[in-house]
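In our numbering, the protein residues as written are 4 to 113.
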């Protein structure tokens, strides 16, 4: 009985320790160059050819990084007249994403 209780307690500790470690991670800061785009909801788009990361800065100021995005998706979103429509149909919910902390130059502009 004591062994089962100790094992259960250890499992709970592992779960809680893992949660704490994740919440203490440093926010990601972007170093990917982005270009201004004409759109009502998207202000900048950037892409890393080496890592296949797409970054989109929205007019609200939030920036998101999308992982494992093929170069063709970047080319297509840059070429389309409706960036928001393309984003909604082909990018949003189709790639793993994470929020990106503003770059130092973006913070200075505020």
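C-beta: ideal position from N, C-alpha, C; glycine also. Nothing here was measured: the structure is a model prediction, and the numbers come from that model.
Using three-state DSSP, classify residue i as helix, strand or coil.
i	result
residue 103	strand
residue 46	strand
residue 77	helix
residue 86	helix
Measuring straight from C-alpha to C-alpha, what distance separates residue i and residue j?
i	j	result
residue 60	residue 70	15 Å
residue 94	residue 75	12 Å
residue 91	residue 33	22 Å
residue 58	residue 96	14 Å
residue 56	residue 72	6 Å
residue 104	residue 65	8 Å
Excluding the five sequence neighbours on either side, which residues of its own chain have a C-beta within less than 7 Å of the C-beta of residue i, listed in chain order?
i	result
residue 86	40, 42, 45, 80
Cβ atoms of residue j and residue i: under 8 Å apart, would you say?
i	j	result
residue 54	residue 47	no
residue 101	residue 31	yes
residue 98	residue 77	no
By Cβ distance, which residues of its chain are closer than 6 Å to residue i, with the 5 residues on each side in sequence left out?
i	result
residue 52	none
residue 62	44, 46
residue 68	56, 58, 101, 103
With a CB to CB cut of under 8 Å and the five nearest residues on each side skipped, what residues in its chain are close to residue i?
i	result
residue 89	79, 80, 83
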